[in-house]
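Protein chains: 2
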Amino acid sequence: MVAPVANRTTDLHDVASTRLRARDQRYTRGRRAIIDLLARANAPLSIPQLLERDRSLAQSSTYRNLAVLEGAGVVHRIVSSDEFSRYELAEDLTEHHHHLICSSCGDVRDFTVPSALEGELDRALGRVAGDHGFAADHHRLDLVGTCATCA
Amino acid sequence: MVAPVANRTTDLHDVASTRLRARDQRYTRGRRAIIDLLARANAPLSIPQLLERDRSLAQSSTYRNLAVLEGAGVVHRIVSSDEFSRYELAEDLTEHHHHLICSSCGDVRDFTVPSALEGELDRALGRVAGDHGFAADHHRLDLVGTCATCA
DNA sequence: TTGTGACTGAGAATCGCTCTCGCTAGCTTG
DNA sequence: CAAGCTAGCGAGAGCGATTCTCAGTCACAA
């Protein structure tokens, strides 16, 4: 559902590598593995999910690397009311999207809304931000409920 | 900005009391104090904020009471990427609204969007939910950025 | 090959939050 | 009023996701 802007995976790695290098950081095997997993998932993943999908990842390194990747703007952290936070590729590496959040199992899936509506939303939010002297960075739209498998 | 549906505070307390009683729970001083603070704030408050505003509240009791109040549907818990979670009155006791979240200081303010747009949004989200076999409970729209005082 | 600085991973430490437990308080029945 | 029952209370212990520490590695440049 979410098509990477860099539509060949190698491009994605190039972008990640470049953004890290700009901060004097290296694009190591562990970091590449994380990006691969996130790119393949099309949904935000928690650390346990990442560790499970790639047993060679160490927990502490994964936490650290995700923080580094977030700082470099390659990855975005999502905190729902679930016990774990989740990570996805930064928005400029994917397509603008939103989340279906299952309040029963905590799982998250991506979805999009028609771009016309999205545009209207953006304009309305722009006005709201202006009214409040708020410098908007991005918006977040989640649909919370029960997923098909939990129903 | 957010006008309680029960526009006299006493009504609010009546509702809270009734919902608790329905679960064999009492509307005690500490619980009433929490509701008062939340009703007065017009923005979600964290536990530290609550404890600071009413020094007679005990931390452990406040955590417990907020969980109880949430279970009774009187209060709603919000987890942002901030270190603390925040609580506000349940949506049916206030007006449907959204949040301006300052990623610098973590503070949250309420805002609303035109009801026409809200309706459109609801219809679009309803379609999305249907497409995914998802039983939607509610949606959540946040504007993340930097507030006026942090700018 | 040597130096510099980032990376690694196992375990310790942190800290928001939850649980435990002895005690109090409100309500109901005798 | 007393007795019983159940919910609440609060201080501190406990829990668990996340972060920090630290002693080695590993890349890359000179």
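Those sequence lines, one after another, are chains E and A. If you read the first sequence in the working numbering, its first letter stands for residue 1, the second for the next number, and so on. If you read the second sequence in the working numbering, its first letter stands for residue 152, the second for the next number, and so on. The beta carbon of each residue, even a glycine, is placed where N, CA and C say it ideally should be.
Below-9 angstroms beta-carbon distance, residue i vs any chain E residue
| i | result |
| --- | --- |
| A/F235 | no |
| A/H290 | yes |
| A/C298 | yes |
| A/G284 | yes |
| A/C256 | no |
| A/A287 | yes |
| A/L268 | yes |
Chain A within 9 angstroms of residue i, Cβ atoms only
| i | result |
| --- | --- |
| E/E91 | no |
| E/T28 | no |
| E/D142 | yes |
| E/V113 | yes |
| E/E120 | yes |
| E/R64 | no |
DSSP three-state assignment for residue i, whether helix, strand or coil
| i | result |
| --- | --- |
| E/S60 | helix |
| A/D233 | coil |
| A/D162 | helix |
| A/E246 | coil |
| A/D261 | strand |
| A/S168 | helix |
Counted within 10 angstroms of its Cβ, other Cβ atoms place residue i as buried (16 or more) or exposed
| i | result |
| --- | --- |
| A/A173 | exposed |
| A/S289 | A small fix is needed here, since residue 289 of chain A is His in this sequence, not Ser. Exposed, because fewer than 16 other Cβ atoms sit within 10 Å of the Cβ of A/H289. |
| E/F84 | exposed |
| E/G145 | buried |
| A/D162 | exposed |
| A/P195 | buried |
| E/A58 | exposed |
| E/S80 | buried |
| E/T155 | No information on residue 155 of chain E is available, as it lies outside the stretch 1 to 151 that chain E covers here. |
| E/A151 | exposed |
| E/D92 | exposed |
Nearest candidate by alpha-carbon position, reference residue i, set the options
| i | options | result |
| --- | --- | --- |
| A/R177 | A/A184, A/I185 and A/S168 | A/S168 |
| A/L228 | E/E120, E/S103, E/D131 and E/A43 | The amino acid occupying residue 228 of chain A in the given sequence is Arg; Leu does not appear at that position. The shortest Cα separation from A/R228 among E/E120, E/S103, E/D131 and E/A43 belongs to E/S103. |
| A/A218 | A/N193, A/E269, A/I186 and A/D243 | A/I186 |
| E/H132 | A/R260, A/R291, A/L276 and A/S266 | A/R260 |
| A/G179 | A/A190, A/D165 and A/A192 | The sequence shown places Thr at residue 179 of chain A, rather than the Gly named in the question. Measuring from the Cα of A/T179, the nearest candidate turns out to be A/D165. |
| E/L219 | A/L272, A/S231 and A/A192 | The structure shown has nothing for residue 219 of chain E, since chain E only spans 1 to 151. |
| E/F134 | A/R183, A/A280 and A/I252 | A/I252 |
Closer than 7 angstroms, Cβ to any Cβ of chain E: which residues of the region 192-204 of chain A, in chain order? none
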